[in-house]
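Worksheet: one structure, shown below.
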Amino acid sequence: MEGRPIAGFASARKMPPAATPWRARLAVAAEPWLYLSPGLILITLVMLLPLVIGISYAFQAISLMNPFDTGWIGLQNFSTLMDDAKFWKSLKNTFHWTLASVILQFLLGLGLALLLNRGFHGRKFVQALVFLPWAVPTFLSALTWSWLFNPVIGPIPHWLAAIGILSEPYNILSDPDTALWGPIIANVWFGIPFFAITLLAALQSIPNDLYEAAAIDGATAWQCFIKITLPFLAPMILITVMLRAIWVANFADLIFVMTGGGPANSTQILSTYIFTTAFRKLDFGYASAIAVILLLLLLAYAAVLLRLRKSLKMVDA
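Every number in this note's numbering is 1 more than the matching position in the sequence shown, counting from 1.
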């Protein structure tokens, strides 16, 4: 017994210095960040660093056509934008392009989600057809829709003329008054699966007991949709509309392949204007300034929708 130390005194002798408590707290606080560090480093290198560099270009003169006239110019690119008629037309077209595309995609996607949420013969086949547009490359989709709108070999102008919408079959994509609707229709077809998939998943999470109770109380199908379905879907609708609008506003592929921004810039949106300014005019500074404006607009839009979604959650609580 004399050679064996008392347990309390042994633990006391093994106690580290007085600084141990704050070191231990620091180690506990840093441990999650240590595990996250590979992902954070990758995000910083792949996303944040290029973003910072791209924003810095907006305040510089970087044009390959004038390689010796470079350097920091402050807000000169943004002041030039204010007098750029093509920029304002692209901004207006971006609003029309995004609004029309997202509204039509949402309405048709919601209708398909409600249809697929019901059991019927051939449901799996219809579900596979709904997801088909996502399997088609964007470039191929744009070429296909360009062919469909062709007045010589395409059926759409002839169908529209047959039902009286058009006076005669003509190239819709070459008319400044109607050209933007060609890419919008192609984009609606391409984007419907996004809303159909996400809203179908949200519909399947709604308890059937609510519908059964509403049926017992004599509620109609429309009342069930308004009082049960929409309130449950509201948070998902807001987040999907936000994500899809941001995607569509940046989605230049269809327009670039189908119309190239023409005719007379009638289909030019900000994302295509950025692309043509950077890779045709080789003016990366001015293109970065346009991109910064688009970034700020989308951030403001996302902040409004996220605030609205948060207020909906508070009301439900």
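Note that the Cβ used here is the ideal one computed from N, Cα and C, for glycine as well.
ask   = From which residue to which residue does the alpha helix (DSSP H) around residue 176 run?
value = Under the DSSP assignment, residue 176 falls outside any alpha helix (DSSP H); it carries neither an H nor an E label.
query = How would you call residue 135, buried or exposed, if buried means at least 16 neighbouring beta carbons within 10 angstroms?
reply = When all chains shown are included, residue 135 counts as exposed.
request  = Could you check the C-alpha separation between residue 11 and residue 48 for me, to the nearest Å?
outcome  = Summary for residue 11: the model assigns pLDDT 44, below 50, so the residue's position carries little reliability; its value from the coordinates is reported in the next sentence. Cα to Cα, the separation comes out at about 53 Å.
task = Buried or exposed for residue 185, please, with buried defined as at least 16 other CB atoms from any protein chain shown within 10 angstroms of its CB.
result = Classification of residue 185: buried, given that the 10 Å Cβ count is 16 or more.
request  = Please go through the same chain and pick out, in chain order, the residues whose beta-carbon is closer than 6 Å to the beta-carbon of residue 287, but skip the five residues on each side of it.
outcome  = So the qualifying residues of the chain are 78 and 278.
task = Tell me whether the beta-carbon of residue 226 lies closer than 8 Å to the beta-carbon of residue 111.
result = The beta carbons of residue 226 and residue 111 sit no closer together than 8 Å.
message = Using the three-state DSSP reduction, which class does residue 262 fall into: helix, strand or coil?
response = Collapsing the DSSP output to three states places residue 262 in coil.
query = Which class does residue 110 belong to by DSSP, given the choice of helix, strand or coil?
reply = Three-state result, residue 110: helix.
ask   = In whole angstroms, what is the alpha-carbon distance linking residue 223 and residue 97?
value = So the two alpha carbons sit approximately 30 Å from each other.
inquiry  = Here's a check: name, in chain order, each residue in its chain whose Cβ is nearer than 8 Å to the Cβ of residue 142, leaving out the five neighbours to either side.
reply    = Setting aside the 5 residues that flank it on each side, residue 142 is surrounded in the same chain by 134, 187, 190, 191 and 255, each with a C-beta closer than 8 Å to its C-beta; the list follows chain order.
query = So residue 125 is in the alpha helix (DSSP H); what residue range does that whole segment cover?
reply = Here the alpha helix (DSSP H) through residue 125 covers 124-131.
inquiry  = Rounding to the nearest angstrom, what Cα-Cα distance links residue 252 and residue 272 in this structure?
reply    = Cα-Cα distance, rounded: 7 Å.
message = Taking a contact to mean a Cβ-Cβ separation below 8 Å, would you say residue 75 touches residue 62 in this structure?
response = Their beta carbons are not under 8 Å apart, which means residue 75 does not touch residue 62 by this criterion.
key: Cβ-based burial, residue 165 [other Cβ within 10 Å; buried from 16]   = Its Cβ having fewer than 16 others within 10 Å, residue 165 is exposed.
key: Assigned secondary structure, residue 254 (DSSP; H/G/I helix, E/B strand, else coil)   = Three-state result, residue 254: helix.
CA nearest to the CA of residue 301, picked from 270, 281, 246 and 267 = Nearest C-alpha to residue 301: 246.
Three-state secondary structure (DSSP) of residue 61 = Secondary structure of residue 61 (DSSP, three-state): strand.
Segment limits, alpha helix (DSSP H) that includes residue 169 = Premise fails: residue 169 is in no alpha helix (DSSP H) and is neither H nor E.
ask   = Do the segment 79-98 and the segment 169-180 make contact, defined as three or more Cβ pairs closer than 8 Å?
value = Two segments are said to touch when three or more pairs of C-beta atoms, one from each, lie closer than 8 Å; by this definition the segment 79-98 does not touch the segment 169-180.
inquiry  = Looking only at its chain, what residues have a beta carbon closer than 6 Å to the beta carbon of residue 65, apart from the 5 residues adjacent to it on each side?
reply    = If we look at residue 65 and ignore the five residues flanking it on each side, its Cβ neighbours are 283.
Residues of its chain near residue 169, where Cβ-Cβ distance is below 8 Å and the 5 sequence neighbours each way are ignored = Hits under 8 Å: 162.
ask   = What whole-angstrom Cβ distance do residue 167 and residue 158 have, given they're in contact under 8 Å?
value = About 6 Å separates the two Cβ atoms, so the contact holds.
Sequence-distant residues of its chain with Cβ nearer than 6 Å to residue 304 (five each side left out) = Counting only residues of its own chain and dropping the five nearest sequence neighbours on each side, residue 304 has no CB closer than 6 Å to any other CB.
query = Can you tell me whether DSSP reads residue 284 as helix, strand or coil?
reply = Annotated three-state conformation of residue 284 is strand, per DSSP.
request  = Taking residue 103 as the reference, give the member of 285, 243, 274 and 294 with the closest Cα.
outcome  = Taking only the C-alpha atoms, the option nearest residue 103 is 243.
inquiry  = What residue range does the alpha helix (DSSP H) around residue 142 cover?
reply    = Counting along the chain, the alpha helix (DSSP H) containing residue 142 begins and ends at 139-149.
key: Limits of the unbroken alpha helix (DSSP H) element including residue 181   = Residue 181 -> no alpha helix (DSSP H), and no H or E assigned at all.
key: Contact set for residue 152: own chain, Cβ-Cβ below 7 Å, skip 5 residues either direction   = Taking residue 152 as the centre and dropping the five residues before and after it, the same chain places the C-beta of 158, 170, 171 and 172 closer than 7 Å to its C-beta, in chain order.
key: Endpoints, the alpha helix (DSSP H) within which residue 229 is located   = DSSP places residue 229 in no alpha helix (DSSP H); its state is neither H nor E.
query = What are the boundary residues of the alpha helix (DSSP H) that includes residue 211?
reply = 209-217 is the span of the alpha helix (DSSP H), which, as asked, contains residue 211.
message = At the level of alpha carbons, what is the spacing between residue 54 and residue 181?
response = Looking at the two C-alpha atoms, the distance is approximately 33 Å.
task = Would you mind sorting residue 146 into buried or exposed? The rule is 16 or more other CB atoms within 10 Å of its CB.
result = Per the 10 Å Cβ criterion, buried.
request  = Could you spell out where the alpha helix (DSSP H) holding residue 69 opens and where it closes?
outcome  = DSSP places residue 69 in no alpha helix (DSSP H); its state is neither H nor E.
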